[in-house]
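Residue numbers (my numbering), protein chains in the order written: chain A, 137 to 544; chain B, 137 to 544; chain C, 2 to 151; chain D, 2 to 151.
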Ligand SMILES: Cc1ncc(COP(=O)(O)O)c(C=O)c1O
Ligand SMILES: Cc1ncc(COP(=O)(O)O)c(C=O)c1O
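So, in structure tokens, the structure goes:
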């Protein structure tokens, strides 16, 4: 496992102390830390090549455009697809909204159904509620099985021919459960429905070949995979991107603008209204380069190992309940738990005194919290820079929390 | 004028050479260059405080949230308004789309009218075309007077009580003409219509007091005012932000999420779905700090002076036509022109050989090009770091272009 | 005392585990709800105000020890008091949660100045992100009293 | 010759100012349109193909000297040629616009290998952002020929 330990030197923030203790950052599911090469790539861009893209005949504009498009093609390679299938958005949330509005407003009507799972992040839930309201299409939920995985035992009962869209996550940011991609794609396609994969927690943590997944659309966020804030990606099958109306209008996304009517630029540009997040695209490109150098197989193996260790050590803590699969082949490195009657928020505050950053709350998945019948959970989540010893620090801090709350 | 010359040292890119000549960057209307303190602020954030905001009880999350919200309040002060009236978006384009969809989809219907001007940037045009298509509301145009300013001589004829929205620019990115804010606000409000000000070219160049302008909504972009790409702002009167439905759904923007229905967070957070552009907000904050230290009065004075000089020098170039007001009190520092039968694109290429970056094209304002009956224009645009001598370099390069095209 | 022990004093854990006046009121009463979307804390309040005096109250909710203990202690502190006294208490509580170390939040010259158990919440000031937890119940109370039309 | 003079050769400026076959065709013909949204260059083409030969053509459009001269030179080069020859020309043109300095774009062994005036466009290669200007007419031609159903 520790063969990735040397990477820590690339992450300036990991040298920080929190409350007098070394930072133990276990909140990568919320956002990841950034290695120096990502910061350097953006600085180099601003210091030497900054200009607006696709707009000018001058040298800087050409340099900026080249770097921006080059970043797109590197991100495309990273998920094993063509450049034209990657549109840059503000993030995963923005990308799902593009799909929900762009497809939904133009293809959905009353009587149609949209299927999501109860474990979705609000990003893959609230846009569908909105589109349901605007179009009259009905929202239907998939429940979970006893391993916290989307239940596929009775799919035909839910996914019938009224269903037009099936939207689900590649990995739950709460339970860590992997989405049953194949089963859902098969069920959706057998009734002619399109599939939307929320890849925000999948793409950062495993080798992904977008074209091979079978889904129609996929989204992900740079900041969850070593990249900067402010950028994410929308991926689609070529014909799906063609049929998707752009959500936002503005510069860059047009072909011809007349007073009363406009036509759109070819994909992917029609989804990129206005000045795009240029420096962020370049930083995103540097992030996938970095991940590529490490190798996504190595990243996944490291996370599997540290997650297995965490599940083992956490199960030694009395009164601790884990919400998520125990089998590391069915899950990623987001581990949600509760500890006795200590509220997760209190837990987070207590372990923070030992430098440990975990997240507490509903994790933007309130319907899942209701399903689990908990108001909130605590969550530790791991990435390539985490160490086995950091799990030990977490467990030590949890034992201290038990003391503070008089649990012995 | 040259009292701002010392600031150039803060902009690393201004040390670059282009085609063997010092860079003369005259494309700030497309995007501005960034001073070192803006880059440093973002690096410092990533290196020491990076975490997701509004989500965690741990120290980094608190530090990130504090810095993010602090940036909001500094940007609010910069336009003389309250923090809660500033929502972060991906940029000006995104912010206009939030208004167009959020207000339009929920308040417009057939028979209603949306008024824009023929000089609008596509960002303030295409979203209204889209909303017109989705709602059946009709799009109506305001024309220009002979100084290229939105014609207000016969407003009652256009702005009648079918009009629900009047959307216009604070300064044209093509002609430099300032928008007749007072006249349009009065006309709109007299029929109960709301006003949307595209401030993308206004806020960077003049002291702006949002609350005093009289408009209902205003938008602007960080990258056009020394800040990073990937972020902009939506401003609104408090009651207008209340009545505006969010466009995008997702995390952070919610209050309570139930399976089939959700309620929204208070303004401005209901407009900020998903992980926001956090580092970018911090960079944006550093940019307005920088502008604040220089003083927006000083910025405006500098631009007025250099624009006056440019108008004077350009008028000495034979066969050169300027599209825009000649009076510097009626305009900003974006100067569009054509030179004989030399296509603007060719002009841009030729002056680029002398290191001069100007823009050529339709400037995302195709209806304006048709109105001006030109396919494109060349545009030089100025900011606080430009020098009088740079205008001389431009004029020299234009004379060279005349030679290349055999105009003598 | 460590900062943690100061935050999680005995009395706070006691109120967290044994909240006072948990439940709902029947009959005529005011009702207000509040929540912190970022952490999920929820608090709801039933309140009876008669002749300017809070004669009965009940709370519901879920959340961290600080939010729930603050609510429970608030119940103890407000029932039987006049709305005037309670508003004074609200002000004092606000002052306590915002002042810097060293200042004295308790002005002995004001009537009803003693915050009692509530003083245990002083430790929260060292944990700025938790202040909104302590405030939740009080913001909800403010809403409820606003309905009383004063 | 400076890079600029190489770009704006006499023959290019001549075609820009005196475009060949500018106008429209009446009667039965193919039509295709192209544009570069980023710079606003527009090009449209009317084309008559009879028995595998381009017998007539006319162009419309507006844009920079490179895009319009490229179109005008293309008109000269295609009318009277067989579609096969023109497709060969298209390939050669593409090669010329993409190859590196030093390579020879003109393979003397191929029929119709001489690009003629079009060789004047070689200077564009030094200005990568302008290549799409030179390409516009040719992409439009490709569209038109695709309609010919070959
Ligand atoms: C007048 C005007 N409005 C809107 C925009 C769009 O701004 P952005 O591209 O940052 O969204 C621009 C810049 O291109 C502009 O000049
Ligand atoms: C599963 C999942 N989907 C979507 C998102 C939203 O991503 P972003 O906030 O970057 O838009 C997140 C992150 O919060 C997530 O964990």
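Think of the CB as a built atom: it goes at the ideal place given N, C-alpha and C, for glycine as much as any other residue.
Taking 8 angstroms as the cut-off, is the beta-carbon of residue i closer than that to any non-hydrogen atom of ligand 1?
i, result
"residue 512(B)", "no"
"residue 76(D)", "no"
"residue 368(B)", "yes"
"residue 187(A)", "no"
"residue 169(B)", "no"
"residue 73(D)", "no"
"residue 500(B)", "yes"
"residue 347(B)", "no"
"residue 229(B)", "yes"
"residue 387(A)", "yes"
"residue 341(B)", "no"
"residue 398(A)", "no"
"residue 359(B)", "yes"
With distances taken Cα to Cα, identify the nearest neighbour of residue i among the options.
i, options, result
"residue 88(C)", "128(C), 53(C), 137(C), 20(C)", "53(C)"
"residue 311(A)", "541(A), 361(A), 197(A), 515(A)", "515(A)"
"residue 487(B)", "524(B), 541(B), 466(B), 503(B)", "541(B)"
"residue 269(A)", "166(B), 381(B), 235(B)", "381(B)"
"residue 469(A)", "349(A), 360(A), 518(A)", "518(A)"
"residue 414(A)", "464(A), 358(A), 459(A), 430(A)", "358(A)"
"residue 510(A)", "43(C), 23(C), 20(C), 135(C)", "43(C)"
"residue 133(D)", "243(B), 481(B), 494(B), 499(B)", "481(B)"
"residue 15(C)", "145(C), 67(C), 26(C)", "67(C)"
"residue 139(A)", "528(A), 538(A), 522(A), 527(A)", "522(A)"
"residue 171(A)", "173(B), 163(B), 171(B), 180(B)", "180(B)"
"residue 286(B)", "537(B), 528(B), 461(B), 499(B)", "461(B)"
"residue 156(D)", "65(D), 12(D), 30(D), 11(D)", "Residue coverage of chain D in this structure runs from 2 to 151, which leaves residue 156(D) outside it and unanswerable."
"residue 408(B)", "417(B), 492(B), 230(B), 389(B)", "389(B)"
"residue 29(D)", "95(D), 50(D), 84(D)", "50(D)"
Please confirm whether any heavy atom of ligand 2 lies closer than 8 angstroms to the CB of residue i.
i, result
"residue 306(B)", "no"
"residue 546(A)", "Any question about residue 546(A) goes unanswered here, given that chain A covers just 137 to 544."
"residue 201(B)", "no"
"residue 411(B)", "yes"
"residue 337(A)", "yes"
"residue 528(A)", "no"
"residue 79(C)", "no"
"residue 414(B)", "no"
Q. Whole alpha helix (DSSP H) runs in the region 338 to 413 of chain A with 4 or more residues, listed along the chain?
A. Residue ranges of uninterrupted alpha helix (DSSP H) with 4 or more members, entirely inside the region 338 to 413 of chain A and ordered along the chain, are 346 to 349, 374 to 379.
Q) Does the pairing of the region 71 to 88 of chain C with the region 526 to 535 of chain A give three or more beta-carbon distances under 8 angstroms? A) no
Q. Could you give the uninterrupted runs of the beta strand (DSSP E) lying entirely in the region 29 to 102 of chain C, keeping only those of 3 residues or more?
A. Fully enclosed beta strand (DSSP E) runs of 3 or longer: 31 to 37, 42 to 51, 54 to 63.
Q) Could you give the uninterrupted runs of the alpha helix (DSSP H) lying entirely in the region 145 to 200 of chain A, keeping only those of 4 residues or more? A) 172 to 184
Q) If you pair each beta-carbon of the region 387 to 404 of chain B with each one of the region 221 to 230 of chain B, do three or more pairs fall below 8 angstroms? A) At 8 angstroms Cβ cutoff, the stretches touch.
Q: Indicate whether the contact test is met: 3 or more Cβ pairs, each with one atom in the region 6 to 25 of chain C and one in the region 121 to 140 of chain C, closer than 8 angstroms.
A: yes
Q.
Would you call the region 441 to 460 of chain B in contact with the region 414 to 423 of chain B, where contact means no fewer than 3 C-beta pairs closer than 8 angstroms?
A. no
Q. For the region 328 to 336 of chain A against the region 365 to 377 of chain B, are there 3 or more C-beta pairs whose distance is under 8 angstroms?
A. Flag = no, the region 328 to 336 of chain A and the region 365 to 377 of chain B do not touch.
(Q) Under 8 angstroms: do the region 336 to 347 of chain A and the region 289 to 308 of chain A share three or more Cβ pairs, one atom per stretch? (A) yes
Q | At least 3 beta-carbon pairs within less than 8 angstroms: the region 230 to 237 of chain B vs the region 384 to 400 of chain A | A | With the cut-off at 8 angstroms, the region 230 to 237 of chain B and the region 384 to 400 of chain A touch.
Q: Determine, using beta-carbon pairs with one atom in the region 493 to 506 of chain A and one in the region 148 to 161 of chain B, whether at least three such pairs fall under 8 angstroms.
A: no
Q) Pairing CB atoms from the region 76 to 85 of chain D with CB atoms from the region 54 to 62 of chain D, are three or more of them under 8 angstroms? A) yes
Q: Pair every Cβ in the region 165 to 184 of chain B with every Cβ in the region 188 to 206 of chain A, then say whether three or more of these pairs are closer than 8 angstroms.
A: The answer is yes - the region 188 to 206 of chain A touches the region 165 to 184 of chain B, with three or more Cβ pairs under 8 angstroms.
Q: Indicate whether the contact test is met: 3 or more Cβ pairs, each with one atom in the region 134 to 146 of chain C and one in the region 30 to 43 of chain C, closer than 8 angstroms.
A: yes
(Q) Does the structure place the region 293 to 302 of chain B close enough to the region 242 to 249 of chain B that three or more beta carbon pairs sit under 8 angstroms? (A) yes
Q. Which residue spans inside the region 419 to 492 of chain B form an unbroken beta strand (DSSP E) run of at least 3?
A. Runs of the beta strand (DSSP E) inside the region 419 to 492 of chain B: 456 to 459, 470 to 475.
Q.
As an exercise, report each continuous alpha helix (DSSP H) stretch of at least 4 residues that is fully enclosed by the region 197 to 246 of chain A, in chain order.
A. 228 to 243
Q.
Taking 8 angstroms as the cut-off, does the region 283 to 292 of chain B touch the region 312 to 326 of chain B (at least 3 CB pairs, one atom from each stretch)?
A. yes
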